[in-house]
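Residue numbers (this note's numbering): 15 to 283.
Remarks on the structure that follows.
In structure tokens:
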């Protein structure tokens, strides 16, 4: 199958991972106009709603946890602003409604939830998110941990990354497709991409050691790349800036990766 899911140029749904495409990870991104609403039903999944841009109100109810009502969320107009997003964690069984208070882009990230409803709904504020710089030289990129493995959830991990013009990211190539802790964890992953300016593109390759998967893709604005397993580096051409939102999930909620030994020498530069 193709690991590249092309985005829709118009309409409410920007891009969506087909149901059953991955075992653990679900993803969709939406665009809303002022006053438009988006119903959200978690079902048996836990969700992380990430407000990519614009302002919203979010209200709903979680089983055994009562109602929640969060108003006037959001203070960035682009994912390329130097700001962390607003996000919300919703446990299985939650019912919610997003109301757009401006033009909005929002992502709905999903993974298997805890059947005992161990974690209640919570608003994840920008000032609670860890921001860091990873890599050096033309491998420098800027990371914001939205829902890392140090914060409560059953299986969902969410992070966003901005990569400057001419830089590489998720590089040297690494993978996390083997349940071999403490050396490596098994996590499926999706990459939701945006490009600045939006007519640009980036390149992403997904490949395994035995090359049973080996796809190199030209990825355009709002496209989604699916990583069921294997290494998954990103390269950003000169003149364009890259943003991606990563969603990861697997049988154990630990992010432990393994670098491609053919390229691990790059870490010594």
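C-beta atoms are modelled at their ideal positions from N, C-alpha and C, and glycine is treated no differently.
This one's a predicted model, so the numbers in the text were calculated from it and none came from an experiment.
Buried or exposed, going by whether 16 or more other CB atoms sit within 10 Å of the CB of residue 260? Answer is buried; the Cβ neighbour count reaches 16.
Three or more beta-carbon pairs under 8 Å between the region 226-246 and the region 200-208, yes or no? They touch, by the three-pair rule.
Put residue 129 into one of helix, strand or coil per three-state DSSP. If DSSP states are grouped into helix, strand and coil, residue 129 belongs with coil.
Would you mind stating whether residue 69 and residue 122 have Cβ atoms separated by less than 9 Å? Their beta carbons are not under 9 Å apart, which means residue 69 does not touch residue 122 by this criterion.
Give me the residue from 108, 131, 150 with the minimum Cα distance to residue 282. Out of 108, 131, 150, 150 has the C-alpha closest to the C-alpha of residue 282.
I need the DSSP call for residue 179, collapsed to helix, strand or coil. Residue 179: coil per DSSP, three-state reduction.
With burial defined as no fewer than 16 other Cβ atoms inside 10 Å of the residue's Cβ, what is the status of residue 103: buried or exposed? Under this definition residue 103 is a buried residue.
If you count every other CB in all the chains shown that lies within 10 Å of the CB of residue 15, and 16 or more means buried, which is it? Under the 10 Å beta carbon count, residue 15 is surrounded by fewer than 16 other beta carbons and is classified as exposed.
With respect to the beta strand (DSSP E) encompassing residue 50, which residues constitute its N-terminal and C-terminal limits? Here residue 50 belongs to no beta strand (DSSP E), and DSSP marks it neither H nor E.
Answer with buried or exposed for residue 81, where buried requires no fewer than 16 other C-beta atoms within 10 angstroms of its C-beta. Exposed, because fewer than 16 other Cβ atoms sit within 10 Å of the Cβ of residue 81.
Do residue 252 and residue 179 count as a contact pair if the criterion is CB distance below 9 Å? A contact, by the Cβ cut-off of 9 Å.
To test your reading of the DSSP string, which unbroken beta strand (DSSP E) runs of 3 or more residues are found completely within the region 144-226? Listed in chain order, the complete beta strand (DSSP E) runs (minimum 3 residues) inside the region 144-226 are 144-148, 155-161, 171-177, 191-194, 198-200, 202-210, 215-221.
Taking 6 Å as the limit between beta carbons, can you name the residues of its chain near residue 124, skipping five residues before and five after? Cβ within range, chain order: 40, 59, 61.
CB contact flag (residue 128, residue 74, <9 Å): Not in contact: residue 128 and residue 74 (Cβ atoms no closer than 9 Å).
What's the gap between the Cα of residue 212 and the Cα of residue 28? Using only the alpha carbons, I get a separation of about 14 Å.
With residue 85 as the anchor, note down where its beta strand (DSSP E) starts and where it stops. Per DSSP, residue 85 belongs to the beta strand (DSSP E) from 80-87.
Option nearest residue 198 by Cα separation, candidates 181, 248, 272: Comparing Cα-Cα distances from residue 198 to each of 181, 248, 272, the minimum goes to 272.
Starting from residue 136, trace the beta strand (DSSP E) both ways and give me its first and last residue. Its beta strand (DSSP E) spans residues 136-138.
Distance, residue 145 Cα to residue 215 Cα: Cα to Cα, residue 215 sits roughly 25 Å from residue 145.
Counting contacts by CB-CB distance shorter than 9 Å, is residue 204 in contact with chain B? Among the chains of the structure shown, chain B does not appear; only one protein chain is present.
Could you pull out every residue in the same chain whose Cβ sits closer than 8 Å to the Cβ of residue 48, ignoring the five residues on either side in sequence? Cβ-Cβ distances below 8 Å link residue 48 to 114, 115, 116, 117 in the same chain, with the five nearest sequence neighbours on each side left out; the list follows chain order.
Start and end residues, beta strand (DSSP E) containing residue 115: Careful: residue 115 lies outside any beta strand (DSSP E) and carries neither H nor E.
With respect to the beta strand (DSSP E) encompassing residue 59, which residues constitute its N-terminal and C-terminal limits? It spans 59-67 - the beta strand (DSSP E) in which residue 59 sits, taken as one unbroken run.
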